[in-house]
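Okay, so the sequence shown: first residue is 18 according to my numbering, each after it adds one.
Notes for the one structure printed next.
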Amino acid sequence: MSNIWQFLPKPIFCLAPMFGATDSAFRQLLCEIGKPACAGRPDLMFTEFSNVQAIFSPDIKTVTQLLSYTAQEQPLIAQIWGLDPELFEAAAAFIVRAGFSGIDINFGCPEKTVVRKGAGAAMIDAPQLAEKIIKATLKGARGHLPVSVKTRLGHKIIRTEPWFKFLLQYDLAAISVHCRTAKAMSIGPAHWDEITKIVQLRNRLKSKTLIIGNGDIFSRKIAYQRIKETKVDGVMIGRGVFKNPWIFNSVPTPKTKADKIAAWERHLQI
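As structure tokens, then:
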């Protein structure tokens, strides 16, 4: 298996998957303004999340849009969510054929429409189903692509030790952690101290799974501070990219208001 996670330079800088925001056009924009030679683009990007049931629906127009991409966006990981393990297996096989660089399972979405169905972050309270989904996805990937998970510290309360000890049992390439509960959404402090605990737990268990921290990364300075404090393998940037589309630039350069306007105008053109 070619595991893209193992080939990326560390620390890894990822673009967080955000539904309705990080579509192909936005990812292409980051690639364009990040030139030359990937100096300012994310090391790894993700699609918006796609429901595994919708992938095999007769009307797959929306999913087709969610999973569309261009070559310049690679390495690109397809993120999926849902409840049916059999559909996760089939979706994983589909993603392999579609040419993505990896498969990511969403166990972290806090949106009520998703959580009420028992999916997303609600899966933290349903480890038996989560186990079936992970195993089914790994089976569908057939060793061709790495499988990762994006999640949170808990559903309604922080459950760091039991939840991540559970996840680290499996052959996951990486676990991306938004360091809040689903109930907290993006409100209140991000608990980066819990990320430290997860890294320490991973090390004690001698797992090879990479840990990626996510939550309130609004600058490269903050990113490196969190990496130093927690010893994570990388960070995932979400809302910070909208404030500064050049946040992934390894050599920060001042941008004028005109630069920002030009970037967003280009986004509309793509």
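Note that the Cβ used here is the ideal one computed from N, Cα and C, for glycine as well.
Hey, could you find the ends of the beta strand (DSSP E) L222 is sitting in? Here the question's residue 222 lines up with position 205 in the sequence shown. Here L222 belongs to no beta strand (DSSP E), and DSSP marks it neither H nor E.
For C48, does the three-state DSSP call read helix, strand or coil? Position 31 of the sequence shown, counted from the start, is the residue given in the question as residue 48. In the structure shown, C48 sits in a helix (DSSP, three-state: H, G or I).
Nearest by alpha-carbon distance to R58: which of V80, I120, K260 and Q91 is it? In the sequence shown, residue 58 corresponds to position 41, counting from 1. Measuring from the Cα of R58, the nearest candidate turns out to be Q91.
State yes or no: is the C-beta of K167 within less than 7 Å of the C-beta of N123? For the purposes of this step, residue 167 is taken as residue 150 along the sequence shown, with counting starting at 1. For the purposes of this step, residue 123 is taken as residue 106 along the sequence shown, with counting starting at 1. For K167 and N123, yes; Cβs fall inside 7 Å.
Output the residue ranges of the alpha helix (DSSP H) runs that lie fully inside the region 84 to 110 and measure 4 residues or longer, sorted by chain position. none
Hey, is the region 193 to 213 in contact with the region 112 to 128, meaning 3+ C-beta pairs nearer than 8 Å? yes
Run through the DSSP bridge pairs and tell me what C31 is partnered with. For the purposes of this step, residue 31 is taken as residue 14 along the sequence shown, with counting starting at 1. C31 pairs with L61 and M253.
Among residues of its own chain, excluding the 5 on either side of K149, which ones have a beta-carbon nearer than 6 Å to its beta-carbon? Counting from one through the sequence shown, the residue named residue 149 turns up at place 132. Counting only Cβ-Cβ distances below 6 Å, and skipping sequence neighbours, we find P102.
Cβ shell of F105 (< 8 Å), same chain only, five flanking positions each side left out: Here residue 105 refers to the residue found at position 88 of the sequence shown. Excluding positions up to five away in sequence, the list reads V69, I97, G99, I122, I150, A153, T154 and G157.
Roughly how many whole angstroms lie between the Cα atoms of L146 and A138? Here residue 146 is taken as the residue at index 129 of the sequence shown, counted from 1. Here residue 138 is taken as the residue at index 121 of the sequence shown, counted from 1. Their backbone Cα atoms lie some 12 Å apart in a straight line.
Under a Cβ-count criterion, where at least 16 other Cβ atoms within 10 Å of its own Cβ denotes burial, should R44 be classed as buried or exposed? The sequence position of residue 44 within the sequence shown is 27, counting from 1. Classification for R44: buried.
The alpha helix (DSSP H) with L170 in it runs from where to where? In the sequence shown, the residue the question calls residue 170 occupies position 153. Unbroken run through L170 is the beta strand (DSSP E), V164 to G171; no alpha helix (DSSP H).
For Q23 and V249, the rounded distance between their alpha carbons: Here residue 249 corresponds to residue number 232 of the sequence shown, with the count starting at 1. Here residue 23 corresponds to residue number 6 of the sequence shown, with the count starting at 1. Those two C-alpha atoms are separated by around 14 Å.
What residue range is occupied by the uninterrupted beta strand (DSSP E) comprising R197? Position 180 of the sequence shown, counted from the start, is the residue given in the question as residue 197. Where R197 is concerned, the enclosing beta strand (DSSP E) stretches over A191 to T198.
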